[in-house]
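Enquirer: Start counting the sequence shown at 608; every next residue gets the next number (my numbering).
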Amino acid sequence: MIKGAIFDADGTLLNSMHIWSELGERYLKSLSIEPEKGLSDRLYPLSINQGCKYLKDNYGLNFSLKEIEQGLLSIIEGFYRNEVKLKPGVKNFLESMKQKNIPMVIATSGDRDLLNSALIRNGISGYFDAVFTCSELETSKHEAKIFMACSEVLGLDPENIAVFDDALYALETAKNAGFITFGVEDPSAKLNKNEIKRISDYYITDFTLQEVYKL
């Protein structure tokens, strides 16, 4: 029986994953430079430092790598503070959970300040009892530490807590730790869709589905 819930943020509550594939293009366009076709595919496997070097070398940018990185981070910050929207049905679903007195927390790999800005602007910050970040706990969702911290705050055993996440590795971790897993569909995870369906106790395309309101 579900008595508490843990939500991922990016790709689960927030329709935010596309910013990472658009980042290079947005940055170049902010400099009035037309990006090449397929730029996002070239940047995707690169680290932030490698991506900055690629942009500098291939577009002849007269900025240091640090300046390029700051430019990219500024775009990300602006996106979270001013643009990012909720995924379909999120607010109504959170309200339904609240009406059932099911406590909720967030476990995210993202930045706390940017997340808080997005939650407040979209009117859902008040639904959560706590927000846990991987960086503050010095962990990742490859290990159960962040989920167990959430469990402690909720005051519930994992078997009574639902974990909503769009990432395969996070769902695997939560499943192995004894949590009830809900795979949430997101375009960024399309290559892992079948495996996410396999590992999840439940799989939802979005939060408007009537089935999810029967929890």
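Cβ atoms here follow ideal geometry from the backbone N, Cα and C, with glycine treated the same way.
#1: Whose CA, out of Ser732, Thr780, Asp736, lies closest to the CA of methionine 755?
#2: For serine 637, is the classification buried or exposed, using 16 other Cβ atoms within 10 angstroms of its Cβ as the cut-off for buried?
#3: Going residue by residue through the stretch 684-758, where are the continuous beta strand (DSSP E) segments of at least 3 residues, counting only ones entirely within it?
#4: Once the 5 residues before and after asparagine 622 are set aside, which same chain residues still bring their CB inside 6 Å of it?
#5: Which whole-angstrom value is the C-beta distance of glycine 611 and asparagine 767, which I expect to be below 8 Å?
#6: Can you give me the Cβ contacts of lysine 797 inside the same chain, cut-off strictly under 6 Å, excluding the 5 residues immediately before and after it?
#7: In terms of residues, what are the limits of the alpha helix (DSSP H) holding glycine 658?
#8: Please list, in chain order, all residues of the same chain as alanine 769 whose beta carbon is under 6 Å from its beta carbon, the five residues on each side excluded.
#9: Classify alanine 616 as helix, strand or coil using the three-state DSSP reduction.
#10: Suppose contacts are defined by Cβ-Cβ distances below 9 Å. Is alanine 716 in contact with cysteine 741 by that definition?
#11: Nearest by alpha-carbon distance to lysine 644: which of Phe739, Ile655, Leu653, Gly631 is it?
#12: So, are the CB atoms of phenylalanine 737 and valine 760 less than 9 Å apart?
#13: Which one or two residues does DSSP pair with aspartate 808 in a beta bridge?
#14: Taking glycine 762 as part of the alpha helix (DSSP H), name the residues at either end of that continuous run.
#15: Exposed or buried, which one is glycine 762 when buried takes at least 16 other CB atoms within 10 Å?
#16: Just to confirm the assignment, what range does the alpha helix (DSSP H) spanning threonine 780 have?
#17: I'd like to know whether the C-beta atoms of aspartate 615 and alanine 774 end up nearer to each other than 9 Å.
#18: Below 9 Å between beta carbons: does that hold for serine 795 and serine 654?
#19: Thinking isoleucine 682 and arginine 633 are a contact (beta carbons under 8 Å), I'd like their distance in whole angstroms, please.
#20: To the nearest whole angstrom, what separates the beta carbons of phenylalanine 814 and phenylalanine 686, a pair I think is in contact under 8 Å?
Expert: Here's the rundown:
#1: Thr780
#2: exposed
#3: 711-715, 737-740
#4: Lys692, Lys694
#5: 6 Å
#6: none
#7: 655-666
#8: Ile609, Ala612, Ile787, Phe789
#9: coil
#10: Looking at the sequence itself, residue 716 is serine, so the reference to alanine does not match. Yes, these two residues count as a Cβ contact at 9 Å.
#11: Gly631
#12: Here residue 737 turns out to be alanine, not phenylalanine, going by the sequence shown. Yes, they are a contact pair.
#13: Beta-bridge pairing links aspartate 808 to no other residue.
#14: From DSSP, glycine 762 is part of no alpha helix (DSSP H); its letter is neither H nor E.
#15: exposed
#16: 775-783
#17: yes
#18: no
#19: 5 Å
#20: Phenylalanine 814 to phenylalanine 686, Cβ: 21 Å. No contact.
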